[in-house]
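Which chain is which? The protein sequence lines are E and Z, in order.
Its first residue numbered 1, the first sequence is counted upward by one per residue in the working numbering.
Its first residue numbered 1, the second sequence is counted upward by one per residue in the working numbering.
Even glycine gets a Cβ: it sits at the ideal position worked out from N, Cα and C.
It should be emphasised that the depicted structure is a prediction, and the values quoted were computed from it without experimental measurement.
Below: one structure, written as structure tokens.
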Amino acid sequence: KNQVEQSPQSLIILEGKNCTLQCNYTVSPFSNLRWYKQDTGRGPVSLTIMTFSENTKSNGRYTATLDADTKQSSLHITASQLSDSASYICVVSALYNFNKFYFGSGTKLNVKP
Amino acid sequence: DGGITQSPKYLFRKEGQNVTLSCEQNLNHDAMYWYRQDPGQGLRLIYYSQIVNDFQKGDIAEGYSVSREKKESFPLTVTSAQKNPTAFYLCASSEMAGPYEQYFGPGTRLTVT
Chain E
1 KNQVEQSPQS LIILEGKNCT LQCNYTVSPF SNLRWYKQDT GRGPVSLTIM TFSENTKSNG
61 RYTATLDADT KQSSLHITAS QLSDSASYIC VVSALYNFNK FYFGSGTKLN VKP
Chain Z
1 DGGITQSPKY LFRKEGQNVT LSCEQNLNHD AMYWYRQDPG QGLRLIYYSQ IVNDFQKGDI
61 AEGYSVSREK KESFPLTVTS AQKNPTAFYL CASSEMAGPY EQYFGPGTRL TVT
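Written out as structure tokens, the structure is:
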């Protein structure tokens with residue numbers, strides 16, 4: 001069964017600290033993996049998209065990693081800011097099935113001053 | 001400004017009434033999607049459309065209906081047959097080639113009492 005699981009469910013960190021969010025998937029055959037940021041009451045916004053051949057991709061203070069062998073991805077946030085408080089969603093696509101996206105339930109991050 | 005718009009942002013209805021949520025995109029994307037988001041759960045696909053005048057049921061289509069008369073527009077009707085309609089509804093669009101990255105609208109929060 002194709003699934004995406006994220007951990008932790010929620011996380012509280014102090015402003016300026018780093019954190020890492022995890023995403024494990026069983027989707028096969030794998031096409032690509034995305035990380036989205038969703039502010040409360042808003043639509044998700046893409047942070048990174050990674051294909052099979054990529055193992056690291058950065059977007060400012062956000063760095064995503066992908067290990068296609070172990071089917072794991074992580075999102076590392078450096079020097080967190082209050083505006084990083086949001087839910088972070090991992091989404092995986094399968095090959096040959098373009099309209100099927102497998103969503104994790106998200107990690108809710110709260111950055112405190 | 002290219003993007004996806006959803007209206008209204010908040011919608012309140014009495015039980016037993018049908019309600020239509022609007023979704024418009026000017027990204028020239030062929031594919032459009034409707035998702036439902038409930039607390040603590042991943043996004044669940046209601047309907048999707050790859051081309052004008054054609055659409056397919058997603059995982060939770062019961063109690064919902066859609067139309068795709070124009071490429072830019074994909075309205076969702078929540079009917080009185082939907083048992084638990086109160087939720088956050090997200091519309092998305094994507095191309096039909098490449099990494100199929102989805103772009104999301106800002107969402108509509110529907111409350112039915």
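Three-state secondary structure assigned by DSSP to residue i
i	result
Z:Asp30	coil
Z:Leu43	coil
E:Asp84	helix
Z:Phe88	strand
E:Asp67	strand
E:Met50	strand
Z:Tyr10	strand
E:Glu5	strand
Z:Tyr100	coil
Bridge partners - residue i, DSSP secondary structure assignment
i	result
Z:Glu24	Z:Thr5 and Z:Ser73
E:Val111	E:Ile13
E:Phe103	E:Val91
Z:Ile51	Z:Asp54
Z:Thr111	Z:Phe12
E:Tyr25	E:Val4
Residue i to residue j span [Cα, whole Å]
i	j	result
E:Thr125	E:Pro8	With chain E represented from 1 up to 113, any question about residue 125 of chain E goes unanswered, as that position is not in the structure.
Z:Thr5	Z:Gln25	6 Å
E:Gly60	Z:Gly63	42 Å
Z:Phe55	Z:Val66	8 Å
Z:Gln41	Z:Glu69	31 Å
E:Glu5	Z:Ser94	24 Å
E:Thr56	E:Asn2	23 Å
Z:Pro8	E:Arg42	13 Å
E:Thr78	Z:Asn53	46 Å
Buried/exposed call for residue i, threshold 16 Cβ in 10 Å
i	result
Z:Thr108	buried
E:Thr48	buried
E:Ala64	buried
Min CB distance residue i to chain C below 7 Å
i	result
E:Gly104	The structure shown contains no chain C; its protein chains are E and Z.
What residues in the segment 21–46 of chain E bring their beta carbon closer than 9 Å to a beta carbon of chain Z?
-> With the criterion set as a beta carbon lying under 9 Å from some beta carbon of chain Z, the members of the segment 21–46 of chain E are Ser31, Asn32, Arg34, Tyr36, Gln38, Gly41, Arg42, Gly43, Pro44, Val45 and Ser46, in sequence order.
Taking a cut of 9 Å between CB atoms, which residues from the segment 45–69 of chain E lie near chain Z?
-> Val45, Ser46, Ile49 and Thr51
At a Cβ cut of 7 Å, what residues of the segment 91–102 of chain E count as close to chain Z, listed as they run along the chain?
-> Ser93, Phe98, Asn99 and Phe101
Between the segment 100–112 of chain Z and chain E, which residues of the former have a C-beta closer than 9 Å to a C-beta of the latter?
-> Tyr100, Glu101, Gln102, Tyr103, Phe104, Gly105, Pro106, Gly107 and Arg109
Chain-ordered residues of the segment 66–89 of chain Z with a beta carbon less than 8 Å from chain E | Phe88
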